[in-house]
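>
Numbering (our numbering), first residue to last: 530 to 606.
1. Are there 16 or more other CB atoms within 10 angstroms of the CB of residue 545, so buried, or fewer, so exposed?
2. Put residue 568 into one of helix, strand or coil per three-state DSSP.
3. For residue 530 versus residue 559, is the C-beta distance shorter than 7 angstroms?
4. Would you identify the three-state DSSP class for residue 601, choosing helix, strand or coil?
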(Lines of atoms letter the chains of each structure in order from A and count residues from 1; the text may use other names and numbers.)
(Lines give C-alpha, C1' and ligand atoms only; values in the text may rest on other atoms or scores of the structure.)
Protein backbone atom coordinates (compact mmCIF):
# COMPACT_ATOMS: atom_id res chain seq x y z
CA UNK A 1 0.00 0.00 0.00
CA UNK A 2 2.81 2.43 0.75
CA UNK A 3 4.43 1.88 -2.64
CA UNK A 4 1.15 3.01 -4.16
CA UNK A 5 0.95 6.06 -1.88
CA UNK A 6 4.49 7.44 -2.32
CA UNK A 7 4.06 8.47 -5.99
CA UNK A 8 0.94 10.41 -5.05
CA UNK A 9 2.97 12.30 -2.44
CA UNK A 10 5.69 13.01 -5.00
CA UNK A 11 3.15 14.36 -7.49
CA UNK A 12 1.45 16.59 -4.91
CA UNK A 13 4.69 18.04 -3.54
CA UNK A 14 6.26 18.34 -6.99
CA UNK A 15 3.35 20.42 -8.19
CA UNK A 16 3.44 22.60 -5.07
CA UNK A 17 7.21 23.22 -5.39
CA UNK A 18 7.74 23.17 -1.64
CA UNK A 19 10.97 23.68 0.26
CA UNK A 20 12.87 20.38 0.66
CA UNK A 21 12.02 19.77 4.32
CA UNK A 22 8.37 20.79 3.92
CA UNK A 23 8.18 18.64 0.83
CA UNK A 24 9.53 15.67 2.77
CA UNK A 25 7.03 16.22 5.55
CA UNK A 26 4.18 16.38 3.03
CA UNK A 27 5.35 13.26 1.19
CA UNK A 28 5.66 11.39 4.50
CA UNK A 29 2.23 12.52 5.70
CA UNK A 30 0.52 11.72 2.41
CA UNK A 31 2.26 8.34 2.28
CA UNK A 32 1.12 7.40 5.78
CA UNK A 33 -2.47 8.60 5.37
CA UNK A 34 -3.05 7.18 1.88
CA UNK A 35 -1.07 4.02 2.64
CA UNK A 36 -3.13 3.34 5.75
CA UNK A 37 -6.36 3.97 3.84
CA UNK A 38 -5.30 1.56 1.09
CA UNK A 39 -4.23 -0.98 3.71
CA UNK A 40 -7.58 -0.71 5.49
CA UNK A 41 -10.04 -0.48 2.61
CA UNK A 42 -8.34 -2.31 -0.27
CA UNK A 43 -6.38 -5.06 1.47
CA UNK A 44 -8.65 -5.39 4.53
CA UNK A 45 -5.67 -5.31 6.91
CA UNK A 46 -5.74 -3.65 10.29
CA UNK A 47 -4.42 -0.21 11.11
CA UNK A 48 -3.52 -0.48 14.79
CA UNK A 49 -2.33 2.68 16.47
CA UNK A 50 1.13 1.24 17.11
CA UNK A 51 1.50 0.34 13.43
CA UNK A 52 0.49 3.85 12.40
CA UNK A 53 3.03 5.32 14.85
CA UNK A 54 5.84 3.08 13.60
CA UNK A 55 5.01 3.77 9.95
CA UNK A 56 4.84 7.53 10.58
CA UNK A 57 8.17 7.45 12.42
CA UNK A 58 9.82 5.39 9.69
CA UNK A 59 8.60 7.59 6.86
CA UNK A 60 9.39 10.74 8.84
CA UNK A 61 12.99 9.64 9.32
CA UNK A 62 13.55 8.26 5.84
CA UNK A 63 11.85 11.08 3.94
CA UNK A 64 12.75 14.09 6.05
CA UNK A 65 16.03 13.53 7.90
CA UNK A 66 18.20 13.11 4.81
CA UNK A 67 16.73 16.33 3.42
CA UNK A 68 17.54 18.11 6.67
CA UNK A 69 21.16 16.91 6.64
CA UNK A 70 21.58 17.68 2.94
CA UNK A 71 20.20 21.19 3.40
CA UNK A 72 22.44 21.74 6.41
CA UNK A 73 25.52 20.46 4.54
CA UNK A 74 24.91 22.73 1.55
CA UNK A 75 24.26 25.73 3.79
CA UNK A 76 27.57 25.15 5.61
CA UNK A 77 29.52 24.87 2.35
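Built from N, CA and C at the ideal position, the CB exists for glycine as well.
Only a predicted model underlies this, so the values are computations on that prediction, with no experimental measurement involved.
Let me spell this out:
1. Indexing the chain shown from 1 puts residue 545 at position 16. The residue is exposed, with fewer than 16 neighbouring Cβ atoms inside 10 Å.
2. Here residue 568 refers to the residue found at position 39 of the chain shown. Of the three classes helix, strand and coil, the one that applies to residue 568 here is helix, per DSSP.
3. Mapped onto the chain shown, residue 530 falls at position 1. Mapped onto the chain shown, residue 559 falls at position 30. No, Cβ-Cβ distance for residue 530 and residue 559 is not below 7 angstroms.
4. Position 72 of the chain shown, counted from the start, is the residue given in the question as residue 601. In this structure, residue 601 counts as helix in the three-state DSSP scheme.
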